[in-house]
Amino acid sequence: MNIELICCPICQSDLEKKSEFILFCDSCNKEYIIKNDIPVLLKERI
Ligand SMILES: [Zn+2]
195 MNIELICCPI
205 CQSDLEKKSE
215 FILFCDSCNK
225 EYIIKNDIPV
235 LLKERI
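Sequence positions in the sequence shown follow the numbering used here and run 195 to 240.
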């Protein structure tokens with residue numbers, strides 16, 4: 195999986211790989227968890 199191709203679903207910015215299991219959006223200040231090598235790019239539901 196190429197993480198460079200993944201962008202934030204909210205602001206479409208590039209995501210930064212913070213750790214092996216976490217992607218981070220600089221613009222939204224939001225973290226996304228990587229589960230089974232797939233980033234969980236869901237908007238907050240609350
Ligand atoms: Zn964002």
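Built from N, CA and C at the ideal position, the CB exists for glycine as well.
First through last residue of the beta strand (DSSP E) which encompasses residue i
i: leucine 209; result: 209-213
i: cysteine 219; result: 216-219
Strand pairing of residue i, partner residues [DSSP]
i: isoleucine 228; result: Pro233
i: cysteine 201; result: Asp208
Check your understanding: Can you list every residue whose CB sits closer than 7 Å to some heavy atom of ligand 1, going in chain order?
Key -> Cys202, Ile204, Cys205, Ser207, Cys219, Ser221, Cys222 and Lys224
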